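Student: Protein chains in written order, with the working numbering: chain H, 14 to 148; chain L, 438 to 994; chain Y, 667 to 984. Note that CB positions come from ideal geometry on N, CA and C, so glycine has one too. Keep in mind the model is a prediction, meaning the values are calculated, not measured. Provided herewith is a single structure, encoded as structure tokens, for subsequent inquiry.
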Amino acid sequence: MAKKIRILIGKPGLDGHDRGAKYIARALKDAGYEVVYTGIRQSPEAIARTAVQEDVDFVGLSLLSGAHNELFPEVIRQLKQEKADDIIVFGGGVIPDDDIPGLTAAGIEAVFTPGTPIKDVIAFIEANRERVESK
Amino acid sequence: MSEKKKLEKALQEWEDRVLKKTLDHFPERRETFTTGSGMEIERLALPDGGDADRYTEKLGFPGTYPFTRGVQPTMYRGRFWTMRQYAGFGTAEESNQRYKYLLGQGQTGLSVAFDLPTQIGYDSDDPHSVGEVGKVGVAIDTLRDMEILFDGIPLDKVSTSMTINAPASVLLAFYIAVGEKQGVSRDQLRGTIQNDILKEYIARGTYIFPPKPSLRLITNIFAYCAKEVPQWNTISISGYHIREAGSSAAQEVAFTLADGIAYVKAALAAGQDVDTFAGRLSFFFNAHNDLLEEVAKFRAARRIWARVMKEQFGAKQQKSMMLRFHTQTGGSTLTAQQPDNNIVRVAIQTLAAVLGGTQSLHTNSRDEALGLPTEEAVRIALRTQQIVAHESGVANTIDPLAGSYFVESLTDRIEQQVNEYLAKIEEMGGMVQAIEKGYVQKEIQDSAYRYQREIESAEQVVVGVNKFQIQEEAPKDILKVDPALRELQSKKLAAVRAERDQSAVDAALAALRAAAKDTGINLMPHILEAAKRYASLGEICNVLRDEFGEYRESIIL
Amino acid sequence: MSLARNIIQGDIRAIARAMTWIENEHEAKEQLIDEIFPDCGRATVWGITGPPGAGKSTLTDQLITRERRQGRKVGIIAVDPSSPFSGGAILGDRLRMQQHATDDGVFIRSMASRGHLGGVAGSTGDAVKVLDAAGFDTIIVETIGVGQTEIEVMGMADIVLLVLVPGLGDEIQALKAGVMEIGDLFVINKADRDDAGKIKAEVEYVLGLKYAENMAAKNPVLMVSALTGQGIDDLHHSLYSYLNLIRSSGTLEQRRRDRLAGELRTIAAAKIEALVHYHLDFEDRLDSWVEMLYSRKESPYGLMNGRIESLIKELTDK
């Protein structure tokens, strides 16, 4: 049986704009993935722990408030602390291009900026299928 | 009497009874208005015959029930809408400079953006605030920050809008206290607090307390301001964020008015008379690209609200039936791709707002899909309004699209859809129940999902995004907030804590706590007292958190 | 160190990974369950079910808080339906329990119902074992709806809470559908609504019919508001009284034996099915068999009985 890919969609920080996060969650469900949705206003620690308990393969973070440079890497740090740094983390939201190299260096494997079609997100997930299946 | 005669008579009556009074007090901008080519423009174009009674019932005259054609008798011939750019970021010092710049550029009102910790009642040094201090607005911890924010801006000369909801009472208290320090009395203060908690549960997410105590705080503000701050708009019932979350135009109006109805009911239940507070209710809508639908939406909203207030709540005063609203152009319509195109989108949306009869307007900056707006982008956004006001000519006559077969029919259809929603929500036991059930959120999400799918399939064209794309260089000059700001702001807060009279703060907070326990007490005076003693926003909100509990999101997709 | 040993020591990653193995029918799953089985049987398992929108997750959240106050470790398995179209799922129940996300004494796992060979009940049962072996004192299994699948899942529980709510319109149907049989405690949520009393009366009426002969075994019917917490302490207290009652009457022990019997039946049925499938080369031969039936050369029962007889012969000869 093919492994069912599980993805956590979470919103760290205080930003309540969840239109994008909810859209991604629903579109990924329609693409056949199992999506754990945490809701808004989650601490990086809560997101990391949820990711571990749910044994997800991917964590998708959405943030529109501009706090991504602080909060995205903090999620990565928390995952490391939980010995779960094999989980692939991607991010989305209002993220200036200048910030992307820093986020990549911190371990965010993909950043999807506004207007990214969902098929790009799916392509990213599928490109990593082998990696998560071999775990 | 012929229909034409009937209309002429009605016009004559309006001119004698309503218009004259207005013109006596507020003369129009010019003696005569002309087109660009010099033809004289009439104040108000009327149907050439037709059913006069039907016209009066559905459209009426500007400044009269049901206000379809606008809430003021002369509309923009008297005075343009207030050009009010939403701004604020970083520290109070930086935001103060931006306000002075905007006032210098001809802006006529202030609109304060607060950062998320402030909006959710956390101090800058609270662990919840990590990463968020000063990001989407200015960080305000104590009265000290507010004094800096309005330094050199006389509060009796400007009107100030504050996008603040759950802790609206605290920020209003800070504002009143700054006024006192400037020697401006409360009855001279003009402005608006958003104070609309229901749409936070629906769409925006900066809630603190559960619905019941939240509604208490809101009605406490209504009662307090009716007596003490009579020129203050006590609430800005907002459809803006509902639309940003992906609703349709009709849903935007329906859910906003349903929120409004819930607030009116709450105030009536608290024993207030409808005409004492209804005149200070104001609204806030979105302007999207579909020009004619947006104009129809604004016109329908005015007519429905007038009927609800008169028929359902028995309002007697005209002011209580008027839907006055602020508009902001649609942030979600802006694209990160080819961002200069956003200037054009904003121009269309500006026209929609003005042709729809808005009382004030914020125009978005072209770079908002990329980050915080730069000074140059903000200036272009403001210039867009100024061009529509001074050059386009649409402000020289009242409700120019009235009588268009298409616009009138669309207005009727939106009205009908809205009324269906309102009936359904009423059936569910009101808006609070409909939100707790997740009905409202589900309706919005379904619309949002459908729309996004249409964009993905390019059924819906978004220029530069799914059609007419180009290879682009990464945009430069994006404004960013210093990440060390939290530390700086926390130091300022620590300094205030060190120098204030701690026993006075403790006493004020204890009094607030006692008052919170008794639902019969108005909390505003207690919050004001704590604010004046330099209690911080977080300290005040934490007392209320202890007493009221916290709301938690409960709706899944 | 083996996964089983890590689970028994309470390692969160190991517990979570084991659940994934169970969900994906991992080849080493059976061995894992067998390895942890001796350490199972200590936890109390609660089932919470009811129609969509009844407030089950919010209620679960409140009950977690009560259990934590009394020092018990709590594991939660929240089952959500998979989309029949895409096979995907949105697992959002835990959103209402996120305040416990950082509590070491709470483990929450969302499971999609999928199209399991052994049914959802099978994988839920194994997931319960993992939490049990890991030392969770209380395990709460939450499922949406009140259909056949949910009734099976609730067979995993020592005690079942059926959550009902006024205004959904389908409560009467739920009562008719035989769901009343699986409930031990009946929880009327959103008790602050005007019509909550009506639901309570209906439930009591149906229970009255059920217990016409034995009123002593009467099930508690409780009014709560999961949102405000009103009535939750009483519910929690009643739950423990009821547990004591069924423990002292021997009902609980009987339930646990029945559960083991049920599990064995499910495992046997699945194994035999798989075995027969394998030895008959079922999938590969299906097309040719269909041809035989289509051309009326064979009849369905005749064909299958013949094949199975020769398979049994073949196997016994070996």
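How far does the beta strand (DSSP E) with Ile-22 (chain H) in it reach, from first residue to last?
Tutor: Its beta strand (DSSP E) spans residues 19 to 23.
Student: Start and end of the beta strand (DSSP E) containing Tyr-50 (chain H)?
Tutor: Per DSSP, Tyr-50 (chain H) belongs to the beta strand (DSSP E) from 47 to 50.
Student: Phe-722 (chain L) by DSSP, collapsed to three states: which one?
Tutor: The answer is strand: DSSP assigns Phe-722 (chain L) an E or B state.
Student: With three or more C-beta pairs closer than 8 Å as the rule, is the stretch 769 to 787 of chain L touching the stretch 526 to 537 of chain L?
Tutor: They do not touch, by the three-pair rule.
Student: Do you know offhand how far Leu-783 (chain Y)'s Cα is from Lys-879 (chain L)'s?
Tutor: The predicted position of Leu-783 (chain Y) is uncertain, since its pLDDT is 46 and thus under 50; a value taken from the coordinates is nonetheless stated next. Cα to Cα, Leu-783 (chain Y) sits roughly 33 Å from Lys-879 (chain L).
Student: For Ala-972 (chain L), which option in L:Arg-514, L:Tyr-559 and L:Ile-872 has the closest C-alpha, if you only look at C-alpha atoms?
Tutor: Closest by alpha carbon: L:Tyr-559.
Student: Would you kindly report the start and end of the unbroken beta strand (DSSP E) that includes Tyr-523 (chain L)?
Tutor: Its beta strand (DSSP E) spans residues 519 to 524.
Student: What does a CB cutoff of less than 7 Å around Asp-552 (chain L) pick up in its chain, not counting 5 residues either side in sequence?
Tutor: Here the set comprises Glu-569, Val-570, Gly-571, Lys-572, Val-573, Gly-574, Val-575 and Ala-576.
Student: Mark Glu-910 (chain L) as exposed unless 16 or more other C-beta atoms lie within 10 angstroms of its C-beta, in which case mark it buried.
Tutor: Exposed.
Student: Identify the continuous alpha helix (DSSP H) that holds Gly-972 (chain Y) and give its terminal residues.
Tutor: Where Gly-972 (chain Y) is concerned, the enclosing alpha helix (DSSP H) stretches over 966 to 983.
Student: Quick one: residues in its chain with C-beta nearer than 6 Å to the C-beta of Pro-810 (chain L), no 5 flanking neighbours on either side, listed in chain order?
Tutor: Hits under 6 Å: Ser-802 and Asp-804.
Student: Report yes or no: is there a C-beta of chain A within less than 9 Å of the C-beta of Glu-83 (chain H)?
Tutor: In the displayed structure, chain A is absent; the protein chains listed are H, L and Y.
Student: Rounded to whole angstroms, how far is the Cβ of Ile-756 (chain Y) from the Cβ of Val-48 (chain H), which I believe are closer than 8 Å?
Tutor: Correct: roughly 5 Å between the Cβ atoms.
Student: Which value, in whole angstroms, describes the spacing of the CA atoms of Met-599 (chain L) and Tyr-700 (chain L)?
Tutor: About 19 Å.
Student: Assuming contact is defined by CB atoms lying nearer than 9 Å, are Ala-857 (chain Y) and Ser-891 (chain Y) in contact in what I supplied?
Tutor: In contact: Ala-857 (chain Y) and Ser-891 (chain Y) (Cβ atoms closer than 9 Å).
Student: Which complete alpha helix (DSSP H) runs does the stretch 847 to 880 of chain Y hold, if anything under 4 residues is left out?
Tutor: Those alpha helix (DSSP H) runs which fall completely within the stretch 847 to 880 of chain Y and span 4+ residues are 862 to 876.
Student: Roughly how many angstroms separate the alpha carbons of Met-512 (chain L) and Ile-835 (chain L), rounded to a whole number?
Tutor: Between Met-512 (chain L) and Ile-835 (chain L), the C-alpha separation is close to 6 Å.
Student: Mapping DSSP to helix, strand and coil, what is Val-595 (chain L)?
Tutor: Coil at Val-595 (chain L), not helix or strand.
Student: Any idea what DSSP makes of Ser-776 (chain Y), helix, strand or coil?
Tutor: The answer is strand: DSSP assigns Ser-776 (chain Y) an E or B state.
Student: Looking only at its chain, what residues have a beta carbon closer than 6 Å to the beta carbon of Leu-960 (chain L), apart from the 5 residues adjacent to it on each side?
Tutor: The answer, listed in chain order, is Asn-657 and Ala-952.
Student: List, in chain order, every chain Y residue whose beta-carbon is nearer than 9 Å to that of Lys-93 (chain H).
Tutor: Correct list: empty, because the minimum Cβ distance to chain Y is about 13 Å.
Student: Which of helix, strand or coil does DSSP assign to His-692 (chain Y)?
Tutor: DSSP places His-692 (chain Y) in coil when its eight states are reduced to three.
Student: Roughly how many whole angstroms lie between the Cα atoms of Gln-765 (chain L) and Ala-724 (chain L)?
Tutor: Roughly 6 Å separates the two Cα atoms.
Student: Can you check the stretch 683 to 736 of chain Y for any alpha helix (DSSP H) of at least 4 residues that lies completely inside it and give the ranges in chain order?
Tutor: Entirely contained in the stretch 683 to 736 of chain Y, the alpha helix (DSSP H) runs reaching 4 residues are, in chain order, 695 to 702 and 722 to 735.
Student: Classify Ile-1046 (chain L) as buried or exposed, calling it buried when 16 or more other Cβ atoms lie within 10 Å of its own Cβ.
Tutor: Outside the shown range of chain L (438 to 994) lies residue 1046 (chain L), about which nothing can therefore be said.
Student: What are the partner residues of Asp-488 (chain L), as DSSP defines its beta bridges?
Tutor: DSSP output for Asp-488 (chain L) lists no bridge partner at all.
Student: Looking at chain Y, is there any beta carbon in it that lies within less than 9 Å of the beta carbon of Arg-989 (chain L)?
Tutor: At least one chain Y Cβ lies under 9 Å of Arg-989 (chain L).
Student: Residues in its own chain within less than 7 Å of Val-732 (chain L) by CB, not counting five upstream and five downstream?
Tutor: The residues are Ala-789, Leu-792, Gly-793, Leu-838 and Val-844.
Student: If contact means a Cβ-Cβ distance below 7 Å, which residues of the stretch 869 to 882 of chain L contact chain H?
Tutor: Within the stretch 869 to 882 of chain L, the residues whose Cβ lies closer than 7 Å to some Cβ of chain H are Gln-882, listed in chain order.
Student: Anything in chain H within Cβ reach of Lys-572 (chain L), meaning under 8 Å, just list it in chain order.
Tutor: Ordered by position in chain H, the residues that pass the 8 Å Cβ test against Lys-572 (chain L) are Ser-78, Gly-79 and Ala-80.
Student: So, is the C-beta of Arg-142 (chain H) closer than 9 Å to a C-beta in chain Y?
Tutor: Chain Y, which has no Cβ nearer than 9 Å to the Cβ of Arg-142 (chain H), makes this no.
Student: Between which two residues does the beta strand (DSSP E) containing Met-889 (chain Y) stretch?
Tutor: Looking at the DSSP string, the run of the beta strand (DSSP E) that includes Met-889 (chain Y) is 887 to 889.
Student: Let me know if Val-88 (chain H) comes out buried or exposed under the rule of 16 or more other beta-carbons within 10 Å of its beta-carbon.
Tutor: With 16 or more other Cβ atoms within 10 Å, it is buried.
Student: Using a Cβ-Cβ cut-off of less than 8 Å, list which residues of the stretch 907 to 918 of chain L approach chain H; keep chain order.
Tutor: Answer set for the stretch 907 to 918 of chain L: Ala-911, Pro-912, Ile-915, Lys-917 and Val-918.
Student: Indicate whether at least one CB of chain L lies closer than 9 Å to the CB of Glu-87 (chain H).
Tutor: Closer than 9 Å to some Cβ of chain L, the Cβ of Glu-87 (chain H) qualifies, so yes.
Student: Pull up the CB-CB distance for Val-855 (chain L) and Ala-691 (chain L), whole angstroms please, since I reckon it's below 8 Å.
Tutor: Contact flag correct, Cβ pair sits at about 4 Å.
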